[in-house]
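Chemist:
Residue numbers (the UniProt record's numbering): 1 to 106.
#1: Could you check the C-alpha separation between residue 54 and residue 90 for me, to the nearest Å?
#2: Could you check if residue 52 is buried or exposed, using at least 16 other CB atoms within 10 Å of its CB as the buried criterion?
#3: Rounded to the nearest angstrom, what separates residue 64 and residue 93 at their Cα positions?
#4: CB-CB under 6 Å to residue 58, same chain, minus the five flanking residues each way: which ones, in chain order?
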């Protein structure tokens with residue numbers, strides 16, 4: 001009998017989007033085949049809408065059970081850094097995109 005596969009953590013993919021800035025952050029379930037949930041960051045500003053989205057994320061994807069994948073080149077990573085720090089303050093840990101292993105802030 002084959003062993004059961006290990007259960008993978010849900011993955012939250014944080015990605016930049018060069019789309020209209022009127023929406024700061026949006027969450028799309030199942031929008032990416034590499035992630036269970038894709039968080040599209042369109043502006044790095046932390047405002048009440050972002051805080052509300054992070055609160056929703058924490059309820060739907062508990063930090064202890066969710067890995068974050070970051071999809072951004074170095075220049076774009078800086079632009080979403082404040083959002084990533086807010087996610088880390090909420091209890092999420094970042095995950096390396098290449099290896100998928102949990103790690104601290106990179």
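Note that the Cβ used here is the ideal one computed from N, Cα and C, for glycine as well.
Modeler: Based on what the coordinates show:
#1: 8 Å
#2: exposed
#3: 8 Å
#4: 90
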